Amino acid sequence: MKLVIGSVIALFGIVFFLFALFPSDMSVSRVVRINAPRDSVLGVLSDLRTWSKWNTLIGGGRLEQRDKVFSLQADSNRLETENLTVLRFKTTTDSVLTRWQSASGRSFTGRYIVTESGGQVILEWSLEFHLRWYPWEKLASMFYDKQLGPLMEQSLLNLRKELEPV
Numbered sequence: 002m003k004l005v006i007g008s009v010i011a012l013f014g015i016v017f018f019l020f021a022l023f024p025s026d027m028s029v030s031r032v033v034r035i036n037a038p039r040d041s042v043l044g045v046l047s048d049l050r051t052w053s054k055w056n057t058l059i060g061g062g063r064l065e066q067r068d069k070v071f072s073l074q075a076d077s078n079r080l081e082t083e084n085l086t087v088l089r090f091k092t093t094t095d096s097v098l099t100r101w102q103s104a105s106g107r108s109f110t111g112r113y114i115v116t117e118s119g120g121q122v123i124l125e126w127s128l129e130f131h132l133r134w135y136p137w138e139k140l141a142s143m144f145y146d147k148q149l150g151p152l153m154e155q156s157l158l159n160l161r162k163e164l165e166p167v
C-alpha cells in the first residue's frame with residue numbers, strides 16, 4: 002500500500018513539474034490584408050456595435066446557435082452576450098485593445114494592430130491568454146490555436162468582405 006501511495010505522489014509530482022515547464026502566457030494570432038482605407042478599418046474595429054456583422058466569436062451576424070437565440074447588447078465600447086463580454090479599453094492610431102470575459106469569469110486580451118503596406122491595410126488580430134499553474138489549464142491551452150484560429154480567420158475574412166469595395 003505504501004508503494005502505491007508513494008507512486009501516485011511521485012507521478013503527480015512529475016506531472017506538475019512537467020506542466021510547470023509550459024509557458025504561462027500564450028497567444029493565438031491571425032493576419033489578413035484588406036483593400037480599404039486604414040480609417041475605415043479602425044472605425045469598424047473601434048465600434049463594437051458593428052462586430053456582430055463580422056466577428057464569428059460573438060455571433061457573426063447570426064445570433065443563433067443550436068436552436069438557441071443569444072441576446073446581444075452593444076454600444077461603441079462594450080458588447081455583451083449571454084456568455085461573453087467584450088470591453089474596448091484602448092484605441093490608438095494603429096491599434097485597438099479589448100478585454101474579453103467569459104461567463105465563467107476567465108478573461109483575456111484581444112489586440113488588433115493595423116499597418117499599411119503597398120496600398121493595403123494589414124490587420125493582425127491576436128488573443129492573449131494568461132494561464133494559471135493548473136496542469137489541466139496548460140494542457141487545454143495547447144488546443145486554443147486549433148479551436149480559435151479558424152474562427153478568427155473566418156472573422157477576418159468576413160471583415161475584409163464587408164470593407165472592400167465590390
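In short: position in the sequence shown from 1, add 1, done, that's this note's numbering. Glycine residues also receive a C-beta, built at the ideal position from the N, C-alpha and C atoms. Because the structure is a prediction, the values reported are computed rather than measured.
- Sixteen is the threshold: since fewer than 16 other Cβ atoms of the shown chains lie within 10 Å of the Cβ of Met-143, the residue is exposed.
- Taking one beta carbon from each stretch, the stretch 23-36 and the stretch 128-141 have 3 or more pairs nearer than 8 angstroms; the two touch.
- When C-alpha distances from Thr-57 are compared across Thr-93, Val-9 and Gln-155, the shortest belongs to Gln-155.
- Beyond the five residues adjoining it in sequence on each side, Asp-76 comes within less than 8 angstroms, by CB distance, of Leu-49 and Arg-50 in the same chain, given in chain order.
- Per DSSP, the continuous beta strand (DSSP E) segment holding Gly-111 begins and ends at 108-118.
- Close CB contacts of Glu-163 within its chain, under the 8 angstroms cut and outside five residues either way in sequence, are with Val-45, Lys-54 and Trp-55 (chain order).
- CA-to-CA, the gap between Ile-114 and Asn-36 works out to about 16 angstroms.
- If you look at Ile-15, you'll find it isn't in any beta strand (DSSP E); it sits in the alpha helix (DSSP H) that goes 3-21.
- Assignment of beta-bridge partners to Thr-86 by DSSP yields Glu-81 and Gln-102.
- Note on geometry: alpha-carbon atoms of Phe-109 and Val-87 lie some 10 angstroms from one another.
- Contact annotation, Leu-98 with Arg-112: C-beta distance approximately 6 angstroms; criterion of less than 8 angstroms satisfied.
- In this model, Gln-148 and Trp-52 are separated by some 20 angstroms (Cα to Cα).
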